[in-house]
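Enquirer:
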Amino acid sequence: MPPARAEDRPPPHNLDAERAVLGAILLDNAMLKLVAQKLRSEDFFLAEHRRVFRAMLALAGQPIDLITLVDQLERHGELEATGGAGYISTLVDGRARVTNVEHHTTIVREKAALRRLAHLGDEIARRALERDANVEALAREFAAASSAVASGAGRNSDTSHAGFNLVPLAGLLAEPTEAVSFIVKGRLPTGGLSLLAGKPKAGKSTLARCLALAVACGEPFLGWPTVRGPVIYLALEEKRAEVREHFNRMGATGEENLLVHAAQAPQNALPAVRELAERHRPVLIIIDPLLKLVRVKDGNDYAEVMAALEPLLVLARETGAHILAVHHLGKGERSEPGDSILGSTAFFAAVDTALLLTRVERYRVL
-10 MPPARAEDRP PPHNLDAERA VLGAILLDNA MLKLVAQKLR SEDFFLAEHR RVFRAMLALA
50 GQPIDLITLV DQLERHGELE ATGGAGYIST LVDGRARVTN VEHHTTIVRE KAALRRLAHL
110 GDEIARRALE RDANVEALAR EFAAASSAVA SGAGRNSDTS HAGFNLVPLA GLLAEPTEAV
170 SFIVKGRLPT GGLSLLAGKP KAGKSTLARC LALAVACGEP FLGWPTVRGP VIYLALEEKR
230 AEVREHFNRM GATGEENLLV HAAQAPQNAL PAVRELAERH RPVLIIIDPL LKLVRVKDGN
290 DYAEVMAALE PLLVLARETG AHILAVHHLG KGERSEPGDS ILGSTAFFAA VDTALLLTRV
350 ERYRVL
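Residue numbers (this note's numbering): -10 to 355.
#1: Tell me whether the stretch 213 to 224 and the stretch 169 to 188 touch, counting them as touching only if at least three CB pairs, one residue from each stretch, are closer than 8 Å.
#2: Quick check: the Cα distance between Tyr222 and Arg233, rounded to an integer number of angstroms?
#3: Please classify His235: does DSSP put it in a helix, a strand, or coil?
#4: Can you tell me the Cα-Cα spacing of Asn18 and Glu7, whole angstroms?
#5: If I follow the unbroken alpha helix (DSSP H) through Leu201, where does it start and stop?
#6: Under 6 Å Cβ to Cβ from Ser149, same chain only, skipping five residues before and after it: list those, please.
#7: Once DSSP output is grouped into helix, strand and coil, what is the label at Glu7?
#8: Have a look at Leu346 and His235 and give me their C-alpha separation to the nearest angstrom.
#9: For the beta strand (DSSP E) containing Leu248, name the first residue and the last one.
#10: Using only the alpha-carbon positions, how far apart do Ala142 and Ala101 sit?
#11: Which class does Ala49 belong to by DSSP, given the choice of helix, strand or coil?
#12: Give me the DSSP bridge partner(s) of Phe171.
#13: Closest to Ile172 by CA distance: which of Arg39, Leu23, Ala310, Lys320 is it?
#14: Give the single residue among Glu119, Ala261, Ala201, Asn3 whose Cα lies nearest to the Cα of Glu245.
#15: Quick one, are the C-beta atoms of Asp32 and Val81 less than 9 Å apart?
#16: Using the C-alpha atoms, what's the distance from Asp60 back to Lys228?
#17: Got a sec, what are the start and stop residues for the alpha helix (DSSP H) Ile96 sits in?
#18: Look up Val216 in the DSSP assignment and say whether it is helix, strand or coil.
#19: Taking His250 and Leu279 to be in contact with their CB atoms under 8 Å, please state how far apart those CB atoms are, rounded to whole angstroms.
#20: Assuming His65 is part of the alpha helix (DSSP H), what are its boundary residues?
#21: Please report how far the alpha carbon of Glu267 lies from the alpha carbon of Lys22, in whole angstroms.
#22: Helix, strand or coil: which one does DSSP assign to Ala122?
#23: If you measure between the beta carbons of Arg284 and Ala297, is that distance less than 9 Å?
#24: Between His93 and the rest of its own chain, which residues show a CB-CB distance below 6 Å, the 5 nearest in sequence each way excluded?
#25: Looking at C-alpha atoms only, which residue of Leu225, Arg40, Ala74 is the closest neighbour of Ile56?
#26: Tell whether a beta-carbon distance below 9 Å holds between Ala203 and Leu344.
#27: In the DSSP output, what is Ala186 paired with across the bridge?
#28: What's the call for Thr88, buried or exposed, on a 16-neighbour Cβ count within 10 Å?
#29: Is the beta carbon of Leu177 within less than 8 Å of some heavy atom of the ligand FAD?
#30: Mind checking Thr242: buried by the 16 CB within 10 Å criterion, or exposed?
#31: In terms of residue numbering, what span does the alpha helix (DSSP H) encompassing Leu298 cover?
#32: Can you check which of these residues, Leu16, Ala36, Arg43, Met20, is closest to Arg29 by C-alpha distance?
#33: Between the beta-carbon of Val41 and the beta-carbon of Leu58, is there less than 9 Å?
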């Protein structure tokens, strides 16, 4: 039998070690400090375990047991996605041993490092096939990035505590510069959050769907090169038939690597989007419109808007997907472009890129 191809093999992981680490924290809350010094939530392979660990970090300094942990997950709409209270209770079965938590933590961390190296190799291979690839730049980037993964990027520092990773300034300055990658060259960065804003009927959804098709097919968007990859498009406002007909008129064939949701957002929408991102690994997620997914009572309240957008920003950073949210422009003219976005200036402050769609006479320009 020929050996399995790399793409057919599952990424490196050890679910028993992950369960043992989480179970040890439940048995002895003091273990959270030790584990948090060495692991981040994304180091866990299983999405359910990442959710549980984030909930534990949120409870730091408070009692963490089956009751408080289940309550924390339920209040944030993530209990069902973790397998429910029944699964949480299995974390303290025979696998959990407080005395072995450091060893199990090392296993989880090393498996996560191997996954990052595998992902890095895939990314370097993809970029090496680009027409303008530079061998010296790619080699330097690969060496620096793989070294950072192998060394753990300073996560064992004695100054780390409860999820914070403090490093001396000298260490920070010595870290290699991370190359910024884009899904739309020079415009939409990988792992970024952007806002596409315009007046009603200005063509925001049309432009968003053009972007979705361009990235799904690896074709230029408004003349800018794109990186081909899976796309998730959430059409949360228009009728399903209208969305279907629009894609038909745009020449979509159905063979594009594009997943579409054309209906209202579900309850607990943000955890659902995270689950979609973790399952399908899109390079681009489009939310059309933003306020049908992210609910705010007062769009002019800076703190409330920032708190509402934070989960999207975290999701983009952790998954590497670019998230583009469609939003509206406010009434009247403003001297600063960012001030023209409807609601608090937090909408503009929270994003990496803002695309403002305006009309000039008969034409729509970006």
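Beta carbons are placed, not taken as given, at the ideal position from N, Cα and C, and that holds for glycine.
Expert: Working from what's here:
#1: With a cut-off of 8 Å, the stretch 169 to 188 and the stretch 213 to 224 count as touching, because enough Cβ pairs lie within range.
#2: Reading the sequence shown from its first residue, position 233 is the one you call residue 222. Reading the sequence shown from its first residue, position 244 is the one you call residue 233. Each residue's Cα considered, the two are about 12 Å apart.
#3: Walking along the sequence shown from the start, residue 235 turns up at place 246. Under the three-state reduction of DSSP output, His235 falls in the helix class.
#4: If you number the sequence shown from 1, residue 18 lands on position 29. If you number the sequence shown from 1, residue 7 lands on position 18. Asn18 and Glu7 have their C-alpha atoms roughly 16 Å apart.
#5: Reading the sequence shown from its first residue, position 212 is the one you call residue 201. The amino acid occupying residue 201 in the given sequence is Ala; Leu does not appear at that position. It spans 193 to 206 - the alpha helix (DSSP H) in which Ala201 sits, taken as one unbroken run.
#6: On the sequence shown, position 160 is the one that residue 149 refers to. For Ser149, the pLDDT reaches just 44, beneath the cut-off of 50, and the residue's location in the model is therefore unreliable, leaving the point undetermined.
#7: Within the sequence shown, the letter at position 18 stands for residue 7. Looking at Glu7 - three-state DSSP - the assignment turns out to be helix.
#8: For the purposes of this step, residue 346 is taken as the residue at position 357 of the sequence shown. For the purposes of this step, residue 235 is taken as the residue at position 246 of the sequence shown. Between Leu346 and His235, the C-alpha separation is close to 19 Å.
#9: Locating residue 248 in the sequence shown gives position 259, where the first residue counts as 1. Leu248 -> beta strand (DSSP E) spans 247 to 251.
#10: On the sequence shown, residue 142 is found 153 positions in, with the first residue counted as 1. On the sequence shown, residue 101 is found 112 positions in, with the first residue counted as 1. With a pLDDT of 44 at Ala142, under the threshold of 50, the predicted position of this residue should be treated as unreliable, and no value is reported.
#11: The residue you call residue 49 lines up with position 60 of the sequence shown. In this structure, Ala49 counts as coil in the three-state DSSP scheme.
#12: As a working note, residue 171 is residue 182 in the sequence shown. In DSSP, Phe171 forms a bridge with Pro178.
#13: The residue you call residue 172 lines up with position 183 of the sequence shown. Minimum Cα distance to Ile172 is reached at Ala310.
#14: As a position in the sequence shown, residue 245 is number 256, starting the count at 1. It is Ala201 whose Cα lies nearest to the Cα of Glu245.
#15: To locate residue 32, count along the sequence shown from 1; it is residue 43. To locate residue 81, count along the sequence shown from 1; it is residue 92. The answer is no: Cβ separation not under 9 Å.
#16: Against the sequence shown, residue 228 aligns to sequence position 239. Against the sequence shown, residue 60 aligns to sequence position 71. The C-alpha of Asp60 is placed about 36 Å away from the C-alpha of Lys228.
#17: Looking up residue 96 in the sequence shown gives position 107. Ile96 -> alpha helix (DSSP H) spans 90 to 117.
#18: Within the sequence shown, numbered from 1, the residue matching residue 216 stands at position 227. Three-state result, Val216: coil.
#19: Position 261 of the sequence shown, counting from 1, holds the residue named residue 250. Position 290 of the sequence shown, counting from 1, holds the residue named residue 279. Rounded, the Cβ-Cβ distance is 15 Å, inconsistent with contact.
#20: Taking the sequence shown and counting its residues from 1, one reaches residue 65 at position 76. No alpha helix (DSSP H) contains His65, which DSSP labels as neither H nor E.
#21: Residue mapping note: residue 267 aligns to position 278 of the sequence shown, counting from 1. Residue mapping note: residue 22 aligns to position 33 of the sequence shown, counting from 1. So the two alpha carbons sit approximately 27 Å from each other.
#22: Residue mapping note: residue 122 aligns to position 133 of the sequence shown, counting from 1. In the structure shown, Ala122 adopts coil according to DSSP, grouped into three states.
#23: For the purposes of this step, residue 284 is taken as residue 295 along the sequence shown, with counting starting at 1. For the purposes of this step, residue 297 is taken as residue 308 along the sequence shown, with counting starting at 1. Yes, they are a contact pair.
#24: Position 104 of the sequence shown, counting from 1, holds the residue named residue 93. The residues are Ala6, Ala9, Val10.
#25: In the sequence shown, counting from the first residue as 1, residue 56 sits at position 67. Closest by alpha carbon: Ala74.
#26: Position 214 of the sequence shown holds residue 203. Position 355 of the sequence shown holds residue 344. Contact flag unset, no.
#27: Locating residue 186 in the sequence shown gives position 197, where the first residue counts as 1. Beta-bridge pairing links Ala186 to His316, Leu345.
#28: Here residue 88 refers to the residue found at position 99 of the sequence shown. Exposed is the call here.
#29: In the structure on display, the ligand FAD does not appear, and there are no ligands present to speak of.
#30: In the sequence shown, the residue the question calls residue 242 occupies position 253. So Thr242 ends up on the exposed side.
#31: On the sequence shown, residue 298 is found 309 positions in, with the first residue counted as 1. Where Leu298 is concerned, the enclosing alpha helix (DSSP H) stretches over 291 to 308.
#32: As a working note, residue 29 is residue 40 in the sequence shown. Of Leu16, Ala36, Arg43, Met20, the residue nearest in Cα terms is Arg43.
#33: On the sequence shown, residue 41 is found 52 positions in, with the first residue counted as 1. On the sequence shown, residue 58 is found 69 positions in, with the first residue counted as 1. Yes, these two residues count as a Cβ contact at 9 Å.
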